[in-house]
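Residues -18 to -1, 1 to 421 (mature numbering (1 follows the signal peptide of the UniProt record, and there is no 0)) are what the sequence shown spells out, left to right. Input: a single structure, listed below in structure tokens.
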Amino acid sequence: MKTLLYIVLVLISFSVTAQKPVVNSAKLEEIKSYLKHFEDNDALLGSVSVFENDKELLNQSFGAIPASRTTKYQVGSISKMFTAVLIGQLVEEHKMDLNEPLATYFPKMPGASSIKLSNLLNHTSGLQNFVVKQDSLKYWLKKPVSQQAILDEIARQGVAFQPGDSISYSNSGYYLLTRILEQKYKKPYETILEERITRPFGLENTFSLNGKTEYEDTAISYEKKDNKWVKLEEFYFPNVQGVGDIISTLSDLNSFMSALFNNEILKEETLKRMLPKDDDWFGLGIMKAPFYNHIAYGHGGDTYGTHTVTSYHPESKLGITYVINGEGYPTNNFAIGLLSIIYDKDYSLPELTEYTPDKLYYDAYTGTYSSPELPIAITVYQKEGALMAQGEGQSPFTLTPKSKHTFAYLKAGIHITFDPDAETFLFKQGGQQFELKKK
């Protein structure tokens, strides 16, 4: 549930008729082999669940940290979809109107008289992002913060545009929706979620974190440092209640999506209203998730260290949920491979095997490099036998040897190839490349 929205997997659409995927036993075994490849190379920690016709066909965890079918994960902004569904229930019951102005509930908020509840749901309100303060306190929500302090920060940030003029992903909008639900029900959010969704629909391992209750078998986030998985400090999740605080199992998330698209939680006309229209990515709390010519719906969620996507393909009744809580390889690239198996697209297993380098070259690699094409210099240095790199003003990262003179930081898709004689290196990332020369 970071400021940046998770990357929706978008590949080129082809003008052919979409075939319904068939998740047969051979395909399930291929998925298991795919996951084992990452586990064997200690590249990722995570889990995958696949539903078809409302039945779970696969629930597989992988990686060095054990997890089970009942392990609960921090699912980040998928929480927003639960919040949106709770709003949808009130609309169906004629207890709320999406054309109501925000001023009905928060009259002192910037733009309150012109912002509608529908603008909050589809990120067109102009409200910004309380999760990141626009000052030195970038990670201010790692410790408990009062509701009033958060509301003050939302008001302080103001609006970036007039409602409906643009789209900008807004955590602030969903924080206000959460508080509006509490005003309507006169109950805390976690109680509303339990009474209206998790208990009636059998989601036994899905909870909103209120800071008072601890839940067993809850996964934590990890990052890889010096080839070891270490715990990553996360949000204090009650600060982002209804926005990014929910914990759940993958089975529960797929069950939720099945119930939602089977019109068990909301009426068919309500759900249709919530789905993205035409070329829009955002609906009213539900996002479009295309893969080639297959259109699924769902949401993604990012915390500081856990990355989750849940999606449902209505035509095939196929539900796919995956989570990565230890990222040593780009999550988006992992997801492309997984979906390629399911949708019968070509893919290749990524090269994850580490190369044993000749460390005699390390002294020649070290130094500060720059390029007129890049705004920052990059310093390469040694630490405890490893080669490190650090962009000016950025965090350092470990370079993993891949071949002679070539190193990678797979989490960010970075590849660096040194030329010791020329005292340069070629920097590649995201389809771009730059040559940097040692100062």
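In this text, a Cβ means the ideal position worked out from N, Cα and C, and glycines have one as well. In this text the structure is predicted, and so the values were computed from the model without any measurement.
Query                                                                                                     : Result
Cβ contact (3+ pairs, closer than 8 Å) linking the segment 179 to 187 and the segment 80 to 94            : no
Sufficient close CB pairs (3 or more, under 8 Å) joining the segment 346 to 363 to the segment 317 to 331 : no
Opening and closing residue of the beta strand (DSSP E) in which Gly28 lies                               : 26 to 34
Strand pairing of His397, partner residues [DSSP]                                                         : Ala390, Lys410
Cβ shell of Met78 (< 6 Å), same chain only, five flanking positions each side left out                    : Leu72
The segment 102 to 112 / the segment 144 to 155 touching (three or more Cβ pairs under 8 Å)               : yes
C-beta contact flag for Glu196 and Gly287 at 8 Å                                                          : no
DSSP state of Lys9 mapped onto helix, strand, coil                                                        : helix
Segment contact, 8 Å Cβ cut-off, at least three pairs: the segment 165 to 185 with the segment 354 to 372 : no
Buried or exposed by the 16-neighbour rule on C-beta atoms within 10 Å, applied to Gln223                 : buried
Nearest-angstrom beta carbon gap, Met370 and Gly301 [assumed within contact, 8 Å]                         : Not a contact, Cβ separation roughly 41 Å.
Which of helix, strand or coil DSSP assigns to Thr(-16)                                                   : Annotation note: pLDDT 36 at Thr(-16) (below 50); position unreliable, no value reported.
Span separating the alpha-carbon of Lys166 from that of Pro83                                             : 15 Å
Straight-line Cα distance separating Ile13 from Ser31                                                     : 11 Å
Exposure of Ser95, with buried meaning 16 or more beta-carbon neighbours within 10 Å                      : exposed
Proximity of Thr292 and Asp199 at Cβ, strictly below 8 Å                                                  : no
Alpha-carbon to alpha-carbon, Phe316 and Gly28                                                            : 11 Å
Rounded straight-line distance, which links the Cα of Lys115 to that of Trp122                            : 7 Å
Spatial distance of Ala85 from Leu99 (CA atoms)                                                           : 10 Å
Where Leu331 falls: helix, strand or coil (DSSP)                                                          : coil
Three-way DSSP call (helix, strand, coil) for Lys77 in this model                                         : coil
Contact set for Tyr87: own chain, Cβ-Cβ below 7 Å, skip 5 residues either direction                       : Ile162, Gln165
Option nearest Glu38 by Cα separation, candidates Asn236, Phe409, Ala394                                  : Asn236
Member of Thr382, Lys420, Lys386, Pro402 whose CA lies at the smallest distance from the CA of Lys393     : Thr382
Span separating the alpha-carbon of Leu232 from that of Thr303                                            : 6 Å
Range covered by the alpha helix (DSSP H) that runs through Gly155                                        : 153 to 167
Backbone CA spacing between Gln388 and Ala404 [nearest angstrom]                                          : In the sequence under discussion, the amino acid at residue 388 is Thr, which differs from the Gln named in the question. Spanning the two alpha carbons is a distance of roughly 15 Å.
Per DSSP, cross-strand counterpart(s) of residue 474                                                      : There is no way to answer for residue 474, as the model of the chain reaches only from -18 to 421.
Contact check, Val225 vs Lys420, beta carbons under 8 Å                                                   : no
Cβ pair Val5, Ile324 closer than 8 Å                                                                      : yes
Cβ-based neighbour list, Ala346, same chain, cut-off 7 Å, excluding 5 preceding and 5 following           : Pro402
Span separating the alpha-carbon of Ile179 from that of Ile97                                             : 27 Å
Pro402 (DSSP reduced to helix, strand or coil)                                                            : coil
8 Å Cβ cutoff met for Gly280 and Met269                                                                   : yes
Through-space distance from Phe409 to Tyr16, alpha-carbon basis                                           : 29 Å
Bridge partners - Glu309, DSSP secondary structure assignment                                             : Leu26
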